[in-house]
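Under the numbering used here, the first residue of the sequence shown is numbered 2, with each subsequent residue one higher. Read the structure below first, then the notes.
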Amino acid sequence: MLIAMDAQHQLVNAATADRQIEYYCPECVQPVRLKRGAVIVPHFAHVHATDCDAFSEGETTEHLRGKKQLAT
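Encoded structure:
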């Protein structure tokens with residue numbers, strides 16, 4: 002997922018997220034981890050396995066890039 006929620010319920014884009022802040026899934030409110038590196042598109046992933054249907058996990062880099070292009 003490209004967007005997560007901080008503790009103040011503000012939506013945050015993975016591209017501009019701070020690694021020192023805890024984030025949560027906007028749908029199921031479970032903890033998510035920021036994944037950002039030199040090769041992959043910045044995104045959030047659930048810390049623990051979840052049944053959250055609103056935000057899929059395991060998306061390919063191409064899929065995440067496409068979502069980023071659509072968002073911009």
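For every residue, glycine included, the Cβ atom is placed at its ideal position computed from N, Cα and C.
Length of the line joining the Cα atoms of residue i and residue j
i   : j   : result
V33 : T73 : 23 Å
Q21 : D7  : 11 Å
H10 : M2  : 16 Å
H47 : L12 : 16 Å
Beta-carbon proximity list for residue i, same chain, < 8 Å, skipping 5 on both sides
i   : result
A18 : A5, Y24, L35, R37, P43, F45
Contacts around residue i, its chain only, beta-carbon distance under 7 Å, and the 5 residues preceding and following it disregarded
i  : result
A1 : Within the shown structure, residues of the chain are numbered from 2 to 73, placing residue 1 beyond reach of any answer.
Mind listing, in chain order, the continuous beta strand (DSSP E) runs of no fewer than 3 residues lying wholly within the stretch 5-67? 12-14, 32-36, 44-47
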